[in-house]
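Chains as they are written, first to last, in my numbering: chain S, 4 to 287; chain A, 117 to 292; chain R, 100 to 390.
Glycine is no exception: its CB is placed at the ideal position from the N, C-alpha and C atoms.
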Amino acid sequence: MIRDITIGQYYPGESWVHKLDPRLKIIVTLVFIVALFLVKDFVGYIVAVAALGIVIGVSKVPLRFMLRGLKAIFIIIIFTFVLNMFMTGGTEMIRLGPIAITYEGLYRAFFMGLRLVLLIIGSSLLTLTTKPVKLTDGMESLLGPFKAIGLPAHELAMMMTIALRFIPTLLEETDKIMKAQMARGADFESGSVFRRAKNMIPILVPLFVSAFRIAQDLAMAMEARCYRGGEGRTKLHELKFKKRDLAAALLTCLFLALIIQEQNIMAALMPTLASLASNLAGAL
Amino acid sequence: MEYNKDYHTISGSRLKFSKKPSKVRFAAHAAMIAAVYVAVTYLIAPLGFGPVQARVAEALTVLPYFTPAAVPGLFVGCLISNMISPYGLVDLICGSLATLIAAICSYGLRRWKWLVPLPPIIVNALIIGPMLAYLTGEHGMFWWFVLSVGIGQVGSCYGLGCLVIITLEKYDWIFE
Amino acid sequence: MSIVVKDLVHTYGAGTPYESLALDKVNMEVADGEFAGLIGHTGSGKSTLVQHLNGILKPDSGQIFIGDVDITAKGVKLTEIRRKIGLLFQYPEYQLFEETVYKDVAFGPLNLGISEEEAEQRVRDALSTVGLDFGKFAERSPFELSGGQKRKAAIAGVIAMKPEVLILDEPTAGLDPKSQADIFDMMARIRAEERIILILISHNMGDVARVCDKVFVMENGRIVLEGPPSEVFSQGELLKSKGLGLPPAAEMIHMMRESGAELPETPLTVDAAVDIIDEYLLKKHDRSLAH
């Protein structure tokens, strides 16, 4: 049956970015996010935007998919803008009674907003270029070391894998159940909040019944095949680092260094840039 | 469908099946709860993200009242939800941890039915609130975020959550 | 009241990398009181088409007229539509959710705003139509019933809404032979008693041949063949090329034709087939057969 719903954000492709090891991608994305919070002035943001732009270009994912995530948090972006604009102290630009917009506020608002936008696009990039299954594999691997502090990484990964496998099934079930109840007159789209909540019952009950029936069958099937849990299990596709992962890692380190040391670098480059600028001005 | 919990001992043979509660069944239950959480998040569209968090899936945070499998189940469900959403990594870490802690607390409170929806409200307010405040820049509105997240949660966790408890109670054989 | 579908187009996943055309300019007409059969390979769009008829799916373009009302126009109240069009999905057991069969069957009518007293009458009628004894089943939990009983309870839930059009999506799928026969009898009974429009989606060609007035064949989102069963099922080759079978009787005659026998008519029932073969043998061997 044709399904109307595809889960996840994955955009199929064969780019370099698509082929990177998921563990590396998760770490790189984390580094990018941390770096965003380490940026001290607008030059840093230029570096970040440039870096992000390069990766987007290499991934060959159309820009409009990147921007979808922004639609979702549109409200927060507005909030960020507004709050920073009005709540930052400094030299006033306009005064509206008790509240004022300051130059610093405007500057702040713009950059906090930009930071948020870059953060979302960076995260989107991860989900757009990595299949959900690969993401879970990556997470399982990364959580592995935490076994020492009692985190049952393998069991969690197993649950993740099973859940992923059954999400499409349950989505279909939920869809079917919703449609069947709609055909019987249940209304989910209009009416008071209370009414809509009550109409969740005809969906939740059958959904749970289905889900747990599937779980029982699954458990039986797994036990029948002697599944015993985590120790010593192997995978069909083991994650392996390749040369391009090393290259990506190095580039990320370079990026991070640039961001952290940005102000020092700028200070060192200033004289050269200044003379370049004046030469250009003289030539024109 | 009946699930036979008691295995037979075949007398005279060397084969003896154990009677211990099945780890596999626990894992399967947890995985299904995770899958239901993600399905609900995606199909019954969330009413928004951000300062007013009111997602229908939050009503499922009362599930620990019915089964301990809901604790890892909700955690994994939240992990996956965040993995495949565009909000991404930050919410993945904070949001999922918040869900886990809340689920553990809810399970601990399971003897007092009407207290079960409380942990998600408090934990989310105290973790997601600061996260949002930090993300949007330092502007001193910290407590405002905490408060608004908390209020948003009350509707879904308490309101819908209690509805879920009342409804599923009649069908508690599902969780056997 | 008739149903007219004009140039219906529906795309799944528009704008995503998984876009696919489900309905490609579908045109269909079902007259008042007709029993229409809808057949086609899996994925041909039958369920999709039928879900447009009561507004559950919205088309990208095209129109659907239920009676005089164009339900694709803006501002049409969908509850009114669903009052008139009853849709039974495949494997409808999963729509059962109430604590008792009575409450579940009453769910539909009560949603339509019908009073409790009238709802009770409808539940009684519906349960008797599907063959479930009220006394025995009304107070039981739907989850305790057998597969066939659950199916019947689900059907009762839709019938109780007293729709003017009843659409059944593979109502006999997955059932044991006795239950299948029960459901078929029920359809024939409704047909005779109610004179409502019935639309049956089925892979059971025998059923379709026996009970439908008109058959529509779908392939890849389009209706490629339509007409009375006798016409449609005489096109054995065409149907097979579309991945469909024939009613058992027609299949037999079709096979005989392929081996060279000249049989002009296509039967829809086994009895008719027997008659045709009788005549043929009579002509061919010029021998009288004992009747």
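Annotated as distal: H109 of chain R and T171 of chain R, with beta-carbon spacing of 8 Å or more. For A214 of chain A, no CB of chain S lies under 8 Å from its own CB, so it is not counted at the interface with that chain. With respect to the C-alpha of I180 of chain S, the residue from S:I204, S:A166, S:M161 having the closest C-alpha is S:I204.
The C-beta distance from I196 of chain A to A150 of chain A rounds to 6 Å, short enough to meet the 8 Å contact threshold. The continuous alpha helix (DSSP H) containing A112 of chain S extends over residues 106-132.
Secondary structure in the segment 275-313 of chain R: the alpha helix (DSSP H) runs of 4 residues or longer, each lying completely within the stretch, are 276-293, 304-310 in chain order. For G305 of chain R, the CB contacts under 8 Å within the same chain, skipping 5 residues up- and downstream, are P346, P347, A348 in chain order. Counted as a single uninterrupted DSSP element, the beta strand (DSSP E) harbouring F134 of chain R occupies residues 134-139. Ranking R:F242, R:E336, R:P262 by CA distance to the CA of K202 of chain R puts R:F242 first. Counting every other CB atom within 10 Å of its CB across the protein chains shown gives V373 of chain R a total below 16, marking it as exposed. Below the 7 Å Cβ cutoff, chain S contributes no neighbours of Y201 of chain R, its closest Cβ being approximately 15 Å away. Closest in alpha carbon position to E292 of chain R, among R:V175, R:T228, R:E197, is R:T228. Chain S has a Cβ within less than 8 Å of the Cβ of Q150 of chain R.
Here M163 of chain S is buried. Its C-beta has 16 or more other C-beta atoms within 10 Å. For the segment 106-118 of chain S, the beta-carbon criterion of a distance under 7 Å to any beta-carbon of chain A is satisfied by R111, M115. Within the segment 178-190 of chain S, the residues whose Cβ lies closer than 8 Å to some Cβ of chain R are K179, I180, K182, A183, Q184, M185, A186, R187, G188, A189, D190, listed in chain order. Between the segment 125-132 of chain R and the segment 313-321 of chain R there are three or more inter-stretch CB-CB distances shorter than 8 Å, so the stretches are counted as touching. At least 8 Å separates the beta-carbon of A219 of chain A from that of L242 of chain A. For Q269 of chain A, the enclosing alpha helix (DSSP H) begins and ends at 258-269. Sequence-distant Cβ neighbours of M355 of chain R in its own chain, meaning closer than 7 Å and more than five residues away, are L362.
Any Cβ of chain R closer than 8 Å to the Cβ of V212 of chain S would place that residue at the interface, and such an atom is present. A direct Cα-to-Cα measurement between T365 of chain R and H151 of chain R gives close to 33 Å. For H240 of chain S, the secondary structure class from DSSP, reduced to helix, strand or coil, is coil. When C-beta distances to chain S are compared with 9 Å, the residues of the segment 159-188 of chain R below that value are L177, T178, R181, R182, I184, G185, L186, L187, F188, in chain order. For R141 of chain A, the chain S residues whose C-beta falls within less than 7 Å of its own C-beta are A222, listed in chain order.
In the DSSP assignment, R321 of chain R falls within the unbroken beta strand (DSSP E) covering 321-326.
A distance below 8 Å separates the beta carbons of V264 of chain R and I296 of chain R. Within the segment 218-284 of chain R, the runs of alpha helix (DSSP H) at least 4 residues long that lie entirely inside it are, in chain order, 233-236, 246-258.
When rounded, the separation of the alpha-carbon atoms in R226 of chain A and P148 of chain S is 32 Å. Annotation for G142 of chain R: no residue places its beta carbon closer than 7 Å to its own, counting only its chain and skipping 5 residues before and after. Neighbours of G193 of chain A in chain S, taken as residues at a C-beta separation under 8 Å, are given in chain order as A166.
When 9 Å is used as the limit between beta carbons, P171 of chain S is near no residue of chain R, the shortest such separation being about 12 Å.
Between L186 of chain R and K249 of chain R, the gap from beta carbon to beta carbon reaches 8 Å or more.
One alpha carbon belongs to Q334 of chain R, the other to V316 of chain R, and they sit about 11 Å apart. When beta bridges are read from the DSSP output, E175 of chain S appears opposite no residue. The segment 139-147 of chain A makes contact with the segment 216-225 of chain S, as at least three CB pairs between them are under 8 Å.
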